[in-house]
Amino acid sequence: MEWAHQIEHADIVHRCFRCGYCKFPSDYVDFNCPSYKAFGWDTYSPGGRMWLIRAWLNGEIETSPHFAEILYSCAACDNCKEQCVFPRFKDLLPEIFQEAKEALVNEGKIPPPVRDYFKAIAVNGNPYKLPGEERGKWAEGTGLQHFSDQEYLFYVGCVGSYDEVGQKMARHVGILLRDLGISLGILGSEETCDGNEVNVLGETGLFANLAEENIRQFLEKGVNKIITLDPHAMNAFKRDYPELGATFQVFHFTEILAKLINEKTIAPLEYRTKVTFHDPCYLGRHNQIYTPPRKILKSIPGLELVEIRRNRDDAFCCGGGGGNFFTDIIGQGEDSPARVRFREALDTGASILAVACPQCAKMLIDAAKAEGKEDNLKIMDMAEIVMKARSK
Ligand code: SF4
Ligand code: SF4
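FYI, the working numbering numbers position 181 of the sequence shown as 181, with every residue one higher than the one before it.
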């Protein structure tokens, strides 16, 4: 088939045992692949997906809207990479899924919500179809400065710029870091999409355009160090932009807060409460950042940290990854990943569910509302929790 060459790892696809270990966490007591958990059919599991791709590459099945929907229901959570039993093959799993999506993009056979997402980013520079001039509105009244010669660029991303939940989180993080003495500036209306989801969804041409434009702008402005609000943006800047020549030092805001705690810059703190933490996939499994958020929470006297049953590299994705936050291909039913994850957090008996990603924040807030339990477990971002502890 003419598109088979686009799957760089076509020979590897045939090595999947279809044993199914990849859809579990390490204790095998529940399903940890969010798309499998939501749909319940083996074709939506990583192993099933591999066999579908294999049949597709062999010409046994045609490209169809249903096939595309199955591929695009993957939340790119990396659980299958973590759990696959085949050592030399597991690292290539997410790449194979991404290459298959890239082939669908090149064939022009992608689900309508994915097509609309790409179009909005290409035309408006954001998936909300809102004007670029409104991108800096979240910072109005905060006193945060435009980037000039500060030590760090604070990059907030599309969700932090336009979504109400993301904007609130961007304000908390920007104000807290500034008040703790971090020298930072923002790009406001000059900021554009980082492209992490565009890349994961397979539009590599659009991703390269966004990345090149961002790199050009950052270099022109003299940016050396970047703090991101969103682990997704951090992932693109840290893991993909270097392939295009970028050499910026990139940090997630929780890493900076944890560093300030290490240096004893944040003191005194107190917050008597019970908190649990949701590991974002792009902070945790994708970038192995598990300790900084926990260090921040544990440093607060009076705060008891209780872990969700599935945590760290076993964490269950909120279902927003892989562009699903925008395309909603997994859906929002009772067994949607976000609602399952919220119920799991509720089981800890904590009063607060701490989040470190604006996409997780929004997904879990919506899940809490759908469950009718907003008052039982409050969702707060890490910066908001530290601010609250400082005000006590
Ligand atoms: S991806 Fe790995 S763990 Fe999953 S079915 Fe294939 S070989 Fe088994
Ligand atoms: S990356 Fe996550 S959602 Fe996608 S197949 Fe693997 S476990 Fe499932």
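Note that the Cβ used here is the ideal one computed from N, Cα and C, for glycine as well.
{"query": "Since I believe F218 is in contact with L153 (beta carbons under 8 Å), could you give me their beta-carbon distance rounded to a whole number of angstroms?", "result": "7 Å"}
{"query": "According to the neighbour-count rule (16 or more other Cβ atoms, all chains shown, within 10 Å of its Cβ), is R88 buried or exposed?", "result": "exposed"}
{"query": "I need the DSSP call for L184, collapsed to helix, strand or coil.", "result": "strand"}
{"query": "Would you check if the distance between the CB atom of F414 and the CB atom of E344 is smaller than 8 Å?", "result": "Nothing about residue 414 can be read from this structure; the chain reaches only from 1 to 392."}
{"query": "Just mark K274 as buried or exposed, buried being the case when its beta carbon has 16 or more other beta carbons within 10 Å.", "result": "exposed"}
{"query": "Is DSSP giving H5 helix, strand or coil here?", "result": "Note that H5 has pLDDT 48, beneath the 50 cutoff, so the model's placement of it is unreliable and the number below is only indicative. Note: H5 maps to helix in three-state DSSP."}
{"query": "Return yes when the Cβ of R339 is within less than 8 Å of the Cβ of A367, no when it is not.", "result": "yes"}
{"query": "Assuming P112 and R310 are in contact, meaning their beta carbons sit under 8 Å apart, how far apart are those beta carbons, in whole angstroms?", "result": "That belief does not hold up - the Cβ atoms of P112 and R310 are roughly 33 Å apart, past 8 Å."}
{"query": "Only counting the same chain, and skipping five residues up and downstream in sequence, which positions put a Cβ closer than 7 Å to that of N235?", "result": "N196, Y282, H286 and N287"}
{"query": "If you measure between the beta carbons of C74 and F39, is that distance less than 8 Å?", "result": "no"}
{"query": "State the start and end residues of the unbroken beta strand (DSSP E) segment that holds I226.", "result": "K225 to T228"}
{"query": "Using CA atoms only, rank isn't needed, just tell me which of C19, L297 and T291 is closest to E270.", "result": "L297"}
{"query": "Would you be able to state if there are at least three C-beta pairs under 8 Å between the region 169-186 and the region 143-160?", "result": "yes"}
{"query": "Do A75 and ligand 2 come close, with the Cβ less than 7 Å from some heavy atom?", "result": "yes"}
{"query": "From I300, T276, E255 and F118, pick the residue whose C-alpha is nearest to that of I289; which is it?", "result": "E255"}
{"query": "Applying the 10 Å Cβ sphere with the 16-neighbour rule, what's the burial state of H5?", "result": "With a pLDDT of 48 at H5, under the threshold of 50, the modelled position of this residue cannot be trusted, and the question is left open."}
{"query": "Along the beta strand (DSSP E) that carries Y21, what are the first and last residues, could you check?", "result": "Careful: Y21 lies outside any beta strand (DSSP E) and carries neither H nor E."}
{"query": "Exposed or buried, what is K81 when buried is set at 16 or more other beta-carbons lying within 10 Å of its beta-carbon?", "result": "buried"}
{"query": "Cβ-heavy atom distance between P25 and ligand 1 below 7 Å?", "result": "no"}
{"query": "Is any heavy atom in ligand 1 found nearer than 7 Å to the beta carbon of L93?", "result": "yes"}
{"query": "So, helix, strand or coil for E304, using DSSP?", "result": "strand"}
{"query": "If you pair each beta-carbon of the region 190-210 with each one of the region 119-130, do three or more pairs fall below 8 Å?", "result": "yes"}
{"query": "Give the straight-line distance between the Cα atoms of F86 and H252, rounded to the nearest whole angstrom.", "result": "31 Å"}
{"query": "For the candidate residues R272, E371, G284 and F277, whose alpha-carbon lies nearest to that of L303?", "result": "R272"}
{"query": "Buried or exposed: where does Y117 fall if 16 or more other Cβ atoms within 10 Å of its Cβ makes it buried?", "result": "buried"}
{"query": "Measure from the alpha carbon of L92 to the alpha carbon of each residue in N32, D230, A383 and I7, then state which is nearest.", "result": "I7"}
{"query": "Per DSSP, what are the beta-bridge partners of H252 in this structure?", "result": "T228"}
{"query": "What three-state label does DSSP hand H278 in the structure shown?", "result": "coil"}
{"query": "If you compare alpha carbons, which of K264, A10, I175 and Q145 is closest to K295?", "result": "K264"}
{"query": "According to the Cβ coordinates, are G174 and Q167 closer than 8 Å?", "result": "no"}
{"query": "Under the assumption that N79 contacts N32 (Cβ atoms under 8 Å), give the Cβ distance between them as a whole number of angstroms.", "result": "5 Å"}
{"query": "Taking 7 Å as the cut-off, is the C-beta of C80 nearer than that to any heavy atom in ligand 1?", "result": "yes"}
{"query": "Quick one: Cα of T276 to Cα of D11, how far?", "result": "43 Å"}
{"query": "Is the Cβ-Cβ distance between P34 and P337 less than 8 Å?", "result": "yes"}
{"query": "Could you give the DSSP three-state label for A354: helix, strand or coil?", "result": "strand"}
{"query": "Relative to ligand 4, is the shortest distance from any of its heavy atoms to the C-beta of C22 smaller than 7 Å?", "result": "Of the ligands this structure carries, namely ligand 1 and ligand 2, none is ligand 4."}
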